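As you go down the protein sequences, you meet chains A, B and C in turn.
One gets the working numbering by counting positions in the first sequence from 1 and adding 9 to each.
One gets the working numbering by counting positions in the second sequence from 1 and adding 3 to each.
Residue numbers are given in the working numbering: position 251 of the third sequence equals residue 247, and the series is strictly consecutive.
Using N, Cα and C, we set each Cβ at its ideal position, and we do this for glycine too.
Every value quoted in this text rests on a predicted model; they were computed, and no experiment measured them.
Single-structure report; data block below.
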Amino acid sequence: MSLLKLENVTKCFGGLVAVNQVSLEIEAGQFVGIVGPNGSGKTTLFNVISGVYFPEEGSVIFDDLDITHYPPYKRARLGIARTFQIPRPFSSATVRENIAVGAMFGSLSGKVGVDASLKIADHIIDRVGLQDHRNKPSGTLTPVEKKLMEIARALAMKPKLLLMDEAMAGMHPNDIDQMVAFIKDIAVEEKIGIVAMVEHIMRAVVGMAEKVIVLHQGSKIVDAPTKEALEDPKVVEVYFGRAPEE
Amino acid sequence: MFLEQFTGNLLQGIVLGAVYGMATMGLSLIFGVLKIVNVGHGAFIMVGAFITLWLFNTLGINPIIAVPVAFAVGMGLGFVFYYTTMRRLIKAPELATLLATFSIGILLEELVKLMFGSEFRGYNWVVGKINLGVTVLPMTKFYACLGSVIIALLLYLWFKKTRAGSAVRSVVEDDEGARVCGVNVGGTYALSFSLGIGLTVASGVLLTMFIPVGINPYMGGGYTLKAFVIAVLGGLSSPYGAFFGGLVFGLIENGSYTIFNLIPGVEPFALTRFLSFVILLAILLIKPTGLLTTK
Amino acid sequence: MKKDISKYYPLIPVFAAYLVLFLVGRNISGMWQLVAMLLFYSALGQAFNIFLGMTGYVDFGYVAFMGVGTYGMALAITKLAHIEGLGIWIIIIGFILALLMSTLLSMAVGAVALRLRGAYFAIATIGVNEGFRFFIEGARIWNGSEGIIFVAELNQILGRKTASSLMTYGADIIVLVIAVLAAVVTLCYMRSKIGYALTALREDEDAAKVMGINTTKYKIIAFITSACFAGLVGASSWALKTPYVFPPEVFEIHYTVEAIIIVLLGGAGTLLGPLAGGLIYGISKYYLSILLPGFQLLIFAPIIIIIIVLFPEGVVGMLKCKLRDSTLARFII
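Printed below as a string of C-alpha cells:
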C-alpha cells in the first residue's frame, strides 16, 4: 500500500500546462527526490499535493484516501507537511511559538494543547540547534536560520509525508551534507514516512534519495532508483543539453 | 403607452449610468495598477463638486469649463498624495492602504468644511431641455452623459494609442514583467494614481450637472459606496468594466426606484440603496472578479 | 499551579488602569463625564481589537454590530415595558437580545464576507453596514427611519430615580465591566490555540493553511466574538445612556473610524494597546473639542496617516519591543 499516489494529475494556468499527466507513487518511509530544470513544474506539483491548487484532471491519493479536493488544512491533519522555497515564518512570533504552531495544528491537532505543543517545540529546537534563538521573533533570523526553522516547524507537525521544496538552495556544500545527514536521522527516528525533495542541487539528491523522479516541462520523463536515473541520457540531455555530435 | 414609459425609463437609467460609470473609472484604474482600494473615493468627487460650485457661483464660469479645471486639480492632488503617502505603502498590508486612503478622504472633507462650511448648497444652471422622443431630459443631464461618454472614449484611446497608456496596461498585467521590459514602473504608478484621482474629481463636476443640489462636504460617502458596487460589477481592475458596470447600475437603480415607488409602505430611496448592497454582496460571493470579465 | 497564574499577569495593568479611572471619576468632581468617554473608547477598542488586531482584517462595517445591539436593548425595553414587575430583568433581557442579534448578524456577515480577502472583505463589510441600515429604513422595520425613543418606557420600568442614575452612571459602570471582560477574553484567546491560529493567519494566511489551520473557522470565531462585544457596548453605552435609537446615527461610519484609530494608535493585536489607545484618543478628543471645536477629525486624519506610515505597531507595540528582555515584559503584551 503506497503512502502517496498521483494518478494522471494535470494542472493548467490559463493556456499554460504546468503539470501534464503526471503519475507517481511513493511508499511509506521512502526517500524520493523530484528534480527538474526551472519551470519543469516541480513546485506546482507540490502545490497540488499540499492542496494549494486543485488539479484540472487526475487524483491525489494519500493513505488510500482521495484527497484531491481537500483544503490544505485537512491534508496537514492527515500528515502532509510542507516547507516553502522561500521560508515563510510568522515573523512577529518567536521561534518557539512558530514551531509550536506546527505541533498544535499538524497531525496531532486535537490531541495536544498549547503547553504540550510548546514542549514539543522546545525538544525540536534542541535537536535542530536553534537554542540561541528560542525566544527571538522569527523575523530577526538570518535566511539560513529561517530555513532551519521552516524545517523544524514542519517536523513539529509529526507528518507522515514531508515535502521539502528547495530546502537546500543557497547553502554551502558542507552545510548541505550536514543537513542531509540530520534530516535522514530525524526521518528515521521520528518515523516520518517519506521526505520528498525538489532539488536542483544534485549533491542533496544523491545523498538522500532512494529513487528519483525527473520532470521536464510538466511531464515525468524518468522514475527510477537514484543511480540509474542520474545516468539516464534523457536526464543528462535535459540538464546539460545534447552532447555535440562527434 | 407603457412601452414608451418603459423605454423612457431605460434611457434615463442609461444616462445616469454613464455618469456613474465615468465616476468609477478612476477607482478601477487605481486598483488595477496599484492594487489599492481608494476608500476616500467619494471625497474626491466632492472636491470636484465644490470646484464646480465655486467656479459657477463666484466666477460665473459654466460647468463645462469646470471639467478640465477639476481634472487638472485632481491630477495635482493625486501627485501630492502619491509622493507623500501612497508611494511608501505600495507593498504594505491592505490595512495600511485602506486606512491611508480613508484618512485622506476625511482630511479632504474637513478641509472643505473649513473653507466652505457644512451647509447644503447648490447651483442653478438653466440651459433648457432636450426631447428624446420617449422622454424629456434637462440639457444639463444630457451634457453630463455626453461628457462622461467622451471622457471614457478619450481614456480608451489614450490606453490604446499612447506609450504611457501601454505602460499602464502592462503594469496592470504584471508589474514585475513590465519592470523587466524597461517600463518605468514607479513613474507609471504615480501617473496612474494621479490620472485616477483626476478622473474622479472631474466626475464630480459631471455628477453635479446631474444633481446640482445637496452639495456639502460629506456628500462623498454615498458615492463611494455606489462606486464600490459598480467597480465590483465591472471587475475591480478594469476602467472599461467600470463604465459598463455604471450603465448596468444606472439602469438597475433607476428601474428599482420606479418599482419601489409603486409599493406602499416602504421608502423607495432607502430600499433602492439596500438593493445595491444586496447586488454587491451577491457579486462578491458568486463572481468577485466582476460580471463583465472573463476570468 | 504557579505557572498557570503567571499566564494572567498581563491582566494586572489592565485592572489597575480601570481601577484608577474609576476612582478618579468617582472622587474628582466633574471628571465622570471624561471617564465615561474613556471607558467607552477603551471598551470599543478592546472589542474591535479582537478582530482587527488579531486577524489583520479591517471590518469597515463594525458599527453595525453596535447599532444592532442598541436596537436589541431598545426593542426589549419597548416591547416588555407593559409587563408588570419585571423591572430590571428587562434590562438583562435587553442585553441577551443584543448579544443574540449581534451574533446572528455577524454569522450572516461572516458567512459572506469572510470568504473574501483584503480589499474585497473591506468592501463587503461596508456593504453590510450600509445595507442593513437602508434595510431598516427602507422596509420600515422597527419604526424605520423614525427610530425608537424609549425614555418613557425606561422610566416606567425602573422608576424615575433608578432610570436617571442608570443613564448618568450605571451604564458607564456596565461599560467598564464590558471593557474588562473583553480584555480577559482577549488574553484567553491569545494564550490558547485560537491566539496562535489568529497570529499565524494574520502574518501569512496561506502558510497558516498549509500548517493545518482552518483559517475560516478562526476568523469566524474572532469575528463573532468581536461583534458580540460591540453589541454589548451599543446596548449599554448608547441605549442606556441616551434612550433613543435612529438608524443614521447608530450606523454612522465614524465610530468605526474611531475604533480603528484607537486600535492602531495603541497597538493592534496587543492586550494593552486598545486601552492605551482609548485613553490617548479619548483624552485628546475631549480637550481638542474644548480648545479647537470642530477640528478633531481634521487633526486626527493626518495623524492616522503618520501612524500607518511611521509607527505601524502603535504605542504598546513599540513598548513591547523596548521592554523585551526586562521583567516588565510579562505584564505588557
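Limits of the beta strand (DSSP E) - the one that residue i falls within
i        : result
A/His181 : Run containing A/His181: none; DSSP gives neither H nor E here.
A/Leu33  : Leu25 to Ile35
A/Ser68  : Glu66 to Phe71
A/Arg91  : Ile89 to Thr92
B/Asp178 : Premise fails: B/Asp178 lies in the alpha helix (DSSP H), Asp178 to Val183, not in any beta strand (DSSP E).
A/Gly42  : Phe40 to Val44
A/Lys220 : Lys220 to His225
B/Thr165 : From DSSP, B/Thr165 is part of no beta strand (DSSP E); its letter is neither H nor E.
A/Thr19  : Leu13 to Phe22
B/Val139 : Val139 to Pro141
8 Å Cβ cutoff, residue i in contact with chain C
i        : result
B/Ala3   : This structure does not reach residue 3 of chain B, given that chain B is present from 4 up to 298, and the question cannot be answered.
B/Thr88  : yes
A/Tyr62  : no
B/Glu256 : no
B/Leu117 : yes
B/Phe59  : no
A/Tyr79  : no
B/Leu228 : yes
B/Val235 : yes
B/Val40  : yes
A/Phe99  : yes
A/Glu106 : yes
Minimum Cβ-Cβ distance from residue i to chain B less than 8 Å
i        : result
C/Ile119 : yes
C/Leu15  : no
C/Ala179 : no
C/Phe131 : yes
Residue i and residue j closer than 8 Å at C-beta
i        : j        : result
A/Leu127 : A/Ala161 : no
C/Leu324 : C/Leu267 : no
B/Gly253 : B/Gly244 : no
A/Ala85  : A/Gly115 : yes
C/Tyr37  : C/Gly274 : yes
C/Val176 : C/Tyr14  : yes
A/Gly67  : A/Asn29  : no
C/Phe242 : C/Gly143 : yes
C/Ala193 : C/Ile209 : yes
B/Tyr146 : B/Pro215 : no
A/His142 : A/Val104 : yes
C/Ser98  : C/Gly65  : yes
Cβ neighbours of residue i in the same chain (closer than 6 Å, five flanking residues each side left out)
i        : result
B/Thr104 : Asn41, Val42 and Gly43
A/Met113 : Ser126
A/Thr53  : Lys20, Ala27 and Val28
C/Ile87  : none
C/Ala235 : Thr66, Met69 and Ala70
Sequence-distant residues of its chain with Cβ nearer than 7 Å to residue i (five each side left out)
i        : result
A/Val137 : Leu157 and Ala161
C/Thr221 : Ile46 and Val181
C/Glu248 : Val59
C/Ile89  : Ala72 and Leu76
B/Pro71  : none
B/Lys94  : none
Any C-beta of chain A under 8 Å from that of residue i
i        : result
C/Glu199 : yes
C/Leu260 : no
C/Thr195 : yes
Cβ neighbour criterion (16 or more within 10 Å) applied to residue i
i        : result
C/Ile303 : buried
C/Phe56  : buried
B/Ile200 : buried
A/Glu255 : Confidence at A/Glu255 is low in this model, with a pLDDT of 45, below 50, so its placement is unreliable and the value that follows should be read with caution. Flag for A/Glu255 reads exposed.
B/Gly45  : buried
B/Thr87  : exposed
C/Pro239 : buried
A/Glu246 : exposed
B/Cys148 : buried
B/Thr55  : buried
Residue range of the alpha helix (DSSP H) that includes residue i
i        : result
B/His44  : His44 to Leu62
C/Thr335 : Residue coverage of chain C in this structure runs from -3 to 329, which leaves residue 335 of chain C outside it and unanswerable.
A/Leu171 : A/Leu171 -> not in any alpha helix (DSSP H); beta strand (DSSP E) instead, spanning Leu170 to Asp174.
Beta-carbon contacts of residue i that lie in its chain and below 8 Å, excluding the five residues immediately before and after
i        : result
B/Val188 : Val174, Asp178, Ala181 and Arg182
A/Phe93  : Glu159 and Asp174
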